[in-house]
Structures are given as structure tokens and as C-alpha cells.
Amino acid sequence: MSAAALAACGRRRAGTPAAAATPRAAVANDYRWFALEPDLARGFCFTWVKELTPQQVLKRLHGRELERVSWQQLVGSGDGESGPRSRYFIGVARVEGWSLIVEDAGDLGVTDSLVRPLSAGTTVVAHQRGPDGHGRFLLLHDSAIQLDFDPLAPARVSGARAAELAPMISSAGFGTAGDPKQNTAAAFAVTERLTGTEMTQDLLYSHTYLLTEVLRTQG
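So that you can map any letter, position 133 of the sequence shown is 768 in the numbering used here, and since no number is skipped, the others follow by simple counting.
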């Protein structure tokens, strides 16, 4: 399939709950469009927080809202987060019954000291990738890790629900050779299965995000 065809396929819907609008079990091919997003080639982290508003997310993270920005302002202005820093800069938007945290080359969503308190009394799904293709996929509920693995090594899974969710992971389309593009797409498919929400380019581009500053070390 050509790059243009992949892009057109990826932009077909604005991202509604999968159970209501797309009765499917998402697979890697549904997220091949993400490889065409050059602004996040250096890395990313997408974190879904169930039933909390963006303002509630900011309160739990002790974040300070800076301004409201578009997708391109959030991820398209430079190198994202790199090097030693004392603060995270994240974007937060409301998507159906979830808040979506977007990071350009960040890792707040898979930093235990921040994401465990964030998941208190609710569910968090986070998918992070670094510039070398390795990353971390996390499912937490009420501060406890339910699922934890590197999408480039999906056979090595831990967490309280690892055995239960193993068939879902194996059917999502992870590549046996550890192909970063294939396995990134498969991890997004797992995210959709867990959240019930399809993430599309239109969803990302159409939302306004609360650009927020969060301290890396919190006392």
C-alpha cells in the first residue's frame, strides 16, 4: 500500500469507542499509518486515563497549565523532550470517557512514581517508545500494574493480568523479528482493545490540548 493510501486509511474516522462504532479486534495493520508521523519519530508517550477530566489529571500530577495548543503546536515544533530536564511538558485532551496525555519524546506515562498515583481508583493505559524503538507498555488499575512489557519484546510480559491478556497480545500482530514499526502499530492495537477507543490521525489533529508543565521529582 502506498504512503498516500495508508494516510487516507488512517484518517477515516475521528476516533469513537470501538465497541460502539467499530466492532473489531484491532490489529497492527489498523495502525500502520502511525509510521507516517515524522514529528514523533524521536519517540513518544500516549497515556489514557479513564474517567478523569484533563483538569483532574493536572491536579493529580501537580501540573501547571501553560496554554491551549493544537496538535502541530504540541509535537511539531522541535526535538520534543531531550537531555536532562527537571520538568515534563505534556498535552492533555478529553477523548470520550478518557483523558489522553501526549508527550513528544517523553516518558511521564511510564514513570512509576508519577503514573501509579495517577491511576489511583481508575485505569491507566500507557504506550511509550524511545528513539531506539524500545519502550514500555503499561496497564495499571488503582496503582497496581496489570500489564508491563516492551513492545519490541512482547513475549516477556509481567503484571497481575499478564497470563489473562497474553492471547490478546499475541493476536494483535506483533512481529517475531522485533520490527519497531510493526510492533509500535501492534501496541496501539492493544491500546484500542483495552480502552475501546480507536486513535486516528483525525482524532489527534482535531483536539485542543492543555499544554502542561509537570515537575519530574515531586515531594
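Ideal Cβ placement from N, Cα and C applies to all residues, glycine included.
**Reference R828, options V737, G765, V760, Y723, closest by Cα** = Answer by Cα proximity: V760.
**Item:** Span of the alpha helix (DSSP H) around D747
**Value:** 747-753 is the extent of the alpha helix (DSSP H) around D747.
**Asked** Where R703 and L845 are concerned, what is the direct C-alpha to C-alpha distance, given to the nearest angstrom?
**Response** Between R703 and L845, the C-alpha separation is close to 5 Å.
**Request:** Provide the residue span of the alpha helix (DSSP H) that contains L839, from first to last.
**Result:** Segment 836-841, the alpha helix (DSSP H) holding L839.
**Asked** For P766, which residues of its own chain have a beta-carbon under 6 Å away from its beta-carbon, when the five flanking residues on both sides are left out?
**Response** Result list for P766: R677, G678, in chain order.
**Asked** Is it buried or exposed for Q690, if we count other Cβ within 10 angstroms and need 16 for buried?
**Response** Burial call: exposed.
**Request:** Would you grab the beta carbon distance between Q817 and A663 for me? Rounded to a whole angstrom, and I think it's under 8 Å.
**Result:** In this structure Q817 is in contact with A663, their Cβ atoms being roughly 6 Å apart against a cut-off of 8 Å.
**Request:** Compute every distance between the C-beta of T682 and the non-hydrogen atoms of the ligand HEM, then say whether any falls below 7 Å.
**Result:** The ligand HEM is absent from the structure shown, which contains no ligands of any kind.
**Prompt:** DSSP state of F809, grouped into three classes?
**Reply:** In the structure shown, F809 sits in coil (DSSP, three-state: anything other than H, G, I, E or B).
**Prompt:** Are three or more beta carbon pairs between the segment 735-747 and the segment 785-794 nearer than 8 Å?
**Reply:** Between the segment 735-747 and the segment 785-794 there are fewer than three C-beta pairs closer than 8 Å, too few to call the two in contact.
**Message:** Quick check: what's the CA-CA separation for A821 versus D783?
**Reply:** One C-alpha to the other measures close to 15 Å.
**Item:** Counted within 10 angstroms of its Cβ, other Cβ atoms place D714 as buried (16 or more) or exposed
**Value:** Annotation note: pLDDT 49 at D714 (below 50); position unreliable, coordinate value reported separately. Counting Cβ neighbours within 10 Å, D714 comes out exposed, since fewer than 16 surround it.
**Asked** In or out: D777 buried (at least 16 other Cβ within 10 Å) or exposed?
**Response** Exposed.
**Asked** According to DSSP, which residues form a beta bridge with Q763?
**Response** Note: Q763 sits in a beta bridge opposite C680, R771.
**Prompt:** Excluding sequence positions up to five away, which residues of its chain have a Cβ less than 8 Å from the Cβ of A638?
**Reply:** Its pLDDT being 39, under 50, A638 is placed unreliably in this model, and the value from its coordinates should be taken loosely. Around A638: L671.
**Message:** To the nearest angstrom, how far is the alpha carbon of D742 from that of W706?
**Reply:** Between D742 and W706, the C-alpha separation is close to 18 Å.
**Message:** By alpha-carbon positions, which one of I780, L696, V710 ends up nearest to R722?
**Reply:** Answer by Cα proximity: L696.
**Prompt:** What separation, rounded to the nearest whole angstrom, lies between the Cα atoms of S717 and A740?
**Reply:** With a pLDDT of 49 at S717, under the threshold of 50, the modelled position of that residue is not reliable, and the figure given next carries that caveat. Those two C-alpha atoms are separated by around 7 Å.
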